[in-house]
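Participant: Structure below; questions to follow.
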Amino acid sequence: MSTDPTQIPTSRLAAGEPAPLLTPQAPADPSQFVPNRGSSGTAESMIGFQLPDWSPLEWIGYSSLIVVTILLTAVAVSTLWWMLHAWRSKDNLDDSQFSDDPLDAAHSFTLLVPGRHEEEVMGQTLDRLAQQDHPDFEIIAIVGHDDPGTERVAREAAARHPELIRVVVDSSVPKNKPKALNLALQSSRGEIVGVFDAEDEVHPRLLTLVDSRFTETDADVVQGGVQLMNFQSSWWSLRNVLEYYFWFRSRLHFHAKEKFIPLGGNTVFVRKDWLDWSEGWDAECLAEDCELGVRLSSAGAKVVVAYSPEVVTREETPGSFVSLLKQRTRWNQGFMQVYGKGEWKKLPRLRQRLMARYLLTMPFIQAATGLLIPVSIVLILTTKVPTAIALVSFVPLAPTLVLLAVEFTGLREFGRVYGQKVRARDYFRLVWGLLPYQIFLALAAVRAVFRQLRGLNAWEKTEHTGAHRDEVATEPQEAPRASQQEPALAMTGGDR
1 MSTDPTQIPT
11 SRLAAGEPAP
21 LLTPQAPADP
31 SQFVPNRGSS
41 GTAESMIGFQ
51 LPDWSPLEWI
61 GYSSLIVVTI
71 LLTAVAVSTL
81 WWMLHAWRSK
91 DNLDDSQFSD
101 DPLDAAHSFT
111 LLVPGRHEEE
121 VMGQTLDRLA
131 QQDHPDFEII
141 AIVGHDDPGT
151 ERVAREAAAR
161 HPELIRVVVD
171 SSVPKNKPKA
181 LNLALQSSRG
191 EIVGVFDAED
201 EVHPRLLTLV
211 DSRFTETDAD
221 VVQGGVQLMN
231 FQSSWWSLRN
241 VLEYYFWFRS
251 RLHFHAKEKF
261 IPLGGNTVFV
271 RKDWLDWSEG
281 WDAECLAEDC
291 ELGVRLSSAG
301 AKVVVAYSPE
311 VVTREETPGS
321 FVSLLKQRTR
331 WNQGFMQVYG
341 KGEWKKLPRL
351 RQRLMARYLL
361 TMPFIQAATG
371 LLIPVSIVLI
381 LTTKVPTAIA
391 LVSFVPLAPT
401 LVLLAVEFTG
411 LREFGRVYGQ
421 KVRARDYFRL
431 VWGLLPYQIF
441 LALAAVRAVF
451 RQLRGLNAWE
461 KTEHTGAHRD
471 EVATEPQEAP
481 RASQQEPALA
491 MTGGDR
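Residue 63 in our numbering is what sits at position 63 of the sequence shown, and the numbering runs on without skipping anything.
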């Protein structure tokens with residue numbers, strides 16, 4: 001029997017008699033039942049994870065946005081980490097430079113200088129190389145049989161320095177740089193073979209310092225520093241110059257430490273025994289320098305990198321935007337060729353192989369990013385992106401801003417070290433050129449993938465005009481040792 005509290009006489013309640021216990025009653029209409037607020041409800045607990053109710057087009061667009069975010073974040077973080085390697089500790093910075101007091105000369109050198117349609121710059125380069133203060137070296141200039149202008153300039157330089165310079169004529173068809181190098185290698189007499197480009201501005205003490213580096217470290221390969229100089233020529237030359245600055249000042253040292261390094265195309269010195277073992281350079285590869293570095297790394301050769309601003313080899317950026325595009329396309333396509341060749345799989349450690357895979361597939365990553373960025377932009381402008389995805393898309397912004405701050409500091413240090421005046425407009429161009437330059441890199445990568453898929457392997461030559469020699473000649477100031485780092489770079493101090 002149940003008792004309805006509304007029916008209890010008020011006289012009983014007033015007299016202080018206890019009220020009967022209340023017994024819950026089910027509602028007359030079960031559909032009106034409301035569960036306790038502390039309960040999750042049986043129906044609710046039966047519901048699992050549900051995919052968003054998006055259209056196929058939205059799935060494609062949002063997925064593209066997420067992929068772009070992941071790729072951009074990975075590239076920005078890894079680039080930042082490698083850029084700062086040389087400044088993360090005092091030892092790193094000290095190891096990145098040539099010795100202050102070089103040892104006595106102990107090796108003989110052969111310097112190879114290939115040139116094709118380089119009559120405007122090659123003569124001065126050969127004269128500069130002939131001024132080396134090393135006691136035992138020779139220079140071999142390689143010219144094409146169909147390039148009378150460059151051959152004339154080279155032979156005139158040989159006449160000025162008959163005891164140092166020889167001229168070798170390349171009759172191969174079609175011509176490219178590795179074929180020219182392999183031809184000259186056959187008549188090389190030095191224990192160590194160095195490679196320079198036709199437009200290089202080489203410091204007279206370089207060979208002495210390189211010789212000492214071989215003796216000090218027992219290296220098989222020494223990669224010297226190369227620096228583009230004409231940062232004020234255009235908005236993209238500014239970024240190209242900084243790329244080289246961080247690549248040779250820091251990133252290559254990291255790769256050498258990890259014992260996997262894509263060598264540079266010039267100011268690189270290799271023991272002739274190793275070049276004989278490798279049969280020279282791969283004549284079919286568009287990035288013969290990278291390919292040689294991968295093969296030597298896989299075979300266990302010891303590679304040492306040294307960058308001292310006062311003896312760095314000076315170069316110029318390509319003379320036009322189209323020329324830069326072709327150059328970057330060739331490099332990217334060469335990296336893809338090296339990846340496909342598979343020599344990197346012979347690296348002994350998993351860490352090395354993973355790094356090689358990442359570095360050599362960078363053109364694919366940039367190409368994929370380049371293709372997906374337009375899709376993402378259209379999506380953002382035309383649809384209402386879910387809040388979670390919109391927030392995730394901002395993740396790459398953090399490392400990118402840090403990267404930009406490091407570039408600011410790098411530009412300031414570049415100007416100080418090389419005696420170049422950096423103006424406010426240069427910093428402005430550095431900022432507004434960030435996104436266009438990334439789009440350019442993606443475009444070059446897409447073009448490289450397209451050429452590779454179509455089997456287009458023709459060598460697209462980069463023209464040189466000597467713009468780096470038009471700059472005011474200034475001796476770079478001595479680079480500060482680790483104990484005297486600039487505060488902005490020292491903020492990353494300490495190994496992690």
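We treat Cβ as the ideally placed atom computed from N, Cα and C, and that holds for glycine.
(1) Is it the case that the Cβ atoms of ALA86 and SER250 are separated by a distance below 8 Å?
(2) By a C-beta neighbour count over all protein chains shown, 10 Å radius and 16 as the cutoff for buried, is PRO262 buried or exposed?
(3) What are the complete alpha helix (DSSP H) segments, minimum 4 residues, inside the segment 272–298?
(4) By DSSP, does GLN227 sit in helix, in strand, or in coil?
(5) Would you mind reading off the limits of the beta strand (DSSP E) that contains ASP170?
(6) Between the Cα of LEU411 and the Cα atoms of LEU324, GLU315, LEU238, which residue gives the shortest distance?
(7) State the Cα-Cα distance for the pair LEU403 and LEU84, rounded to the nearest angstrom.
(8) In whole angstroms, what separates the C-alpha of GLN50 from that of PRO386?
(9) DSSP three-state call for GLU118: helix, strand or coil?
(10) What residue from VAL226, HIS253, GLY190 has the CA that sits closest to LYS89's CA?
(11) Whole angstroms is fine: what's the gap from GLN438's alpha carbon to ASP104's?
(12) Going by DSSP in three states, GLU413 sits in which element: helix, strand or coil?
(13) From the DSSP output, in three-state form, read off VAL202 for me.
(14) Which same chain residues end up closer than 7 Å to ASP133 when comparing Cβ atoms and leaving out the 5 residues on each side of it in sequence?
(15) If SER308 sits next to GLY225, beta carbons under 8 Å apart, how far is it from one beta carbon to the other, in whole angstroms?
(16) Contact between the segment 342–356 and the segment 315–330 is defined here as three or more beta-carbon pairs at a separation below 8 Å; is this criterion met?
(17) Cα separation between ALA157 and ASP127?
(18) Here's the rule I'm using: 16 or more other beta-carbon atoms within 10 Å means buried, otherwise exposed. How should GLY342 be labelled?
(19) If you count every other CB in all the chains shown that lies within 10 Å of the CB of ARG451, and 16 or more means buried, which is it?
(20) Would ALA198 and ILE165 qualify as a contact pair, given that the criterion is a beta-carbon distance under 8 Å?
(21) Would you check if the segment 215–224 and the segment 265–283 touch, i.e. whether three or more CB-CB distances between them fall below 8 Å?
(22) Let me confirm a value: PHE428 is counted as buried when at least 16 other C-beta atoms fall within 10 Å, else exposed. Which label applies?
(23) So PHE196 and HIS107 are supposed to be a Cβ contact under 8 Å. How far apart are they, rounded?
(24) Three or more C-beta pairs under 8 Å: does that hold for the segment 239–249 against the segment 278–296?
(25) Between LEU80 and PRO399, what straight-line distance do the alpha-carbon atoms span, to the nearest angstrom?
(26) So, for LEU360: in the same chain, excluding its five sequence neighbours on each side, which residues have a beta-carbon less than 6 Å away from its beta-carbon?
(27) What residues in its chain sit with their C-beta under 8 Å from that of ALA458, if we drop five residues either side in the sequence?
(28) In the structure shown, what three-state DSSP assignment does VAL395 receive?
(29) Please classify SER212 as buried or exposed, where buried requires at least 16 neighbouring CB atoms within 10 angstroms.
(30) Below 8 Å between beta carbons: does that hold for LEU228 and GLU120?
(31) Where do the ends of the alpha helix (DSSP H) carrying GLY149 lie?
(32) Using the C-alpha atoms, what's the distance from ILE365 back to TRP59?
(33) Nearest to PRO348 by CA position, among VAL378, PHE408, GLU138, LYS259, is which residue?
(34) Quick check: what's the CA-CA separation for GLY61 versus GLY433?
(35) For GLY300 and THR382, I'd like the C-alpha separation in whole angstroms.
(36) With C-beta atoms as the reference, is THR369 less than 8 Å away from VAL77?
Facilitator: Quick look at the numbers:
(1) Here the question's residue 86 lines up with position 86 in the sequence shown. Here the question's residue 250 lines up with position 250 in the sequence shown. Going by C-beta atoms, ALA86 is nearer than 8 Å to SER250.
(2) Within the sequence shown, residue 262 is the residue found at index 262, counting from 1. Buried, by the Cβ-count rule.
(3) 272–278, 288–298
(4) Numbered from 1 along the sequence shown, position 227 holds the residue referred to as residue 227. If DSSP states are grouped into helix, strand and coil, GLN227 belongs with the strands.
(5) The residue you call residue 170 lines up with position 170 of the sequence shown. Where ASP170 is concerned, the enclosing beta strand (DSSP E) stretches over 165–170.
(6) If you number the sequence shown from 1, residue 411 lands on position 411. When each option's Cα is compared against that of LEU411, the closest is LEU238.
(7) The residue given as residue 403 occupies position 403 in the sequence shown. The residue given as residue 84 occupies position 84 in the sequence shown. Those two C-alpha atoms are separated by around 10 Å.
(8) In the sequence shown, counting from the first residue as 1, residue 50 sits at position 50. In the sequence shown, counting from the first residue as 1, residue 386 sits at position 386. The alpha-carbon atoms of GLN50 and PRO386 are separated by roughly 15 Å.
(9) If you number the sequence shown from 1, residue 118 lands on position 118. If DSSP states are grouped into helix, strand and coil, GLU118 belongs with coil.
(10) Position 89 of the sequence shown, counting from 1, holds the residue named residue 89. Per the sequence shown, residue 89 should be read as Ser rather than Lys. Checked all of VAL226, HIS253, GLY190; the closest Cα to SER89 is HIS253.
(11) Along the sequence shown, read from residue 1 onward, the residue named residue 438 stands at position 438. Along the sequence shown, read from residue 1 onward, the residue named residue 104 stands at position 104. For GLN438 and ASP104, the distance between alpha carbons rounds to 46 Å.
(12) Numbered from its first residue, the sequence shown carries residue 413 at position 413. Helix, per DSSP.
(13) Here residue 202 is taken as the residue at index 202 of the sequence shown, counted from 1. VAL202: coil per DSSP, three-state reduction.
(14) The residue you call residue 133 lines up with position 133 of the sequence shown. Closer than 7 Å at Cβ, skipping near neighbours: PRO204, ARG205, THR208.
(15) Residue mapping note: residue 308 aligns to position 308 of the sequence shown, counting from 1. Residue mapping note: residue 225 aligns to position 225 of the sequence shown, counting from 1. About 7 Å separates the two Cβ atoms, so the contact holds.
(16) no
(17) Here residue 157 refers to the residue found at position 157 of the sequence shown. Here residue 127 refers to the residue found at position 127 of the sequence shown. The alpha-carbon separation between ALA157 and ASP127 amounts to approximately 7 Å.
(18) Locating residue 342 in the sequence shown gives position 342, counting from the first residue. Per the 10 Å Cβ criterion, exposed.
(19) Taking the first residue of the sequence shown as position 1, residue 451 is located at position 451. With 16 or more Cβ atoms within 10 Å of its Cβ, ARG451 is classed as buried.
(20) Position 198 of the sequence shown, counted from the first residue, corresponds to residue 198. Position 165 of the sequence shown, counted from the first residue, corresponds to residue 165. Result no, Cβ atoms of ALA198 and ILE165 do not sit closer than 8 Å.
(21) yes
(22) Counting from 1 along the sequence shown, the entry for residue 428 is found at position 428. With a 10 Å radius around the Cβ and a threshold of 16 neighbouring Cβ atoms, PHE428 comes out exposed.
(23) Sequence index remark: in the sequence shown, residue 196 carries index 196 (1-based). Sequence index remark: in the sequence shown, residue 107 carries index 107 (1-based). Going by Cβ atoms, the distance from PHE196 to HIS107 rounds to 17 Å, so no, they are not a contact pair.
(24) no
(25) Position 80 of the sequence shown, counted from the first residue, corresponds to residue 80. Position 399 of the sequence shown, counted from the first residue, corresponds to residue 399. Looking at the two C-alpha atoms, the distance is approximately 8 Å.
(26) Stepping through the sequence shown from its first residue, residue 360 is reached at position 360. Excluding sequence neighbours, LEU360 sits near PHE335, VAL338, TYR339.
(27) As a position in the sequence shown, residue 458 is number 458, starting the count at 1. PRO174.
(28) Residue 395 sits at position 395 when you count from the first residue of the sequence shown. Here VAL395 sits in coil by DSSP.
(29) Within the sequence shown, residue 212 is the residue found at index 212, counting from 1. Burial call: buried.
(30) Walking along the sequence shown from the start, residue 228 turns up at place 228. Walking along the sequence shown from the start, residue 120 turns up at place 120. Taking 8 Å as the Cβ cut-off, LEU228 and GLU120 do not qualify as a contacting pair.
(31) For the purposes of this step, residue 149 is taken as the residue at position 149 of the sequence shown. Looking at the DSSP string, the run of the alpha helix (DSSP H) that includes GLY149 is 148–160.
(32) Working through the sequence shown from its first residue, we reach residue 59 at position 59. Working through the sequence shown from its first residue, we reach residue 365 at position 365. Going from the Cα of TRP59 to the Cα of ILE365 covers about 21 Å.
(33) In the sequence shown, counting from the first residue as 1, residue 348 sits at position 348. It is LYS259.
(34) Indexing the sequence shown from 1 puts residue 61 at position 61. Indexing the sequence shown from 1 puts residue 433 at position 433. Using only the alpha carbons, I get a separation of about 27 Å.
(35) As a position in the sequence shown, residue 300 is number 300, starting the count at 1. As a position in the sequence shown, residue 382 is number 382, starting the count at 1. GLY300 and THR382: Cα-Cα distance of roughly 54 Å.
(36) Indexing the sequence shown from 1 puts residue 369 at position 369. Indexing the sequence shown from 1 puts residue 77 at position 77. Not closer than 8 Å, so no.
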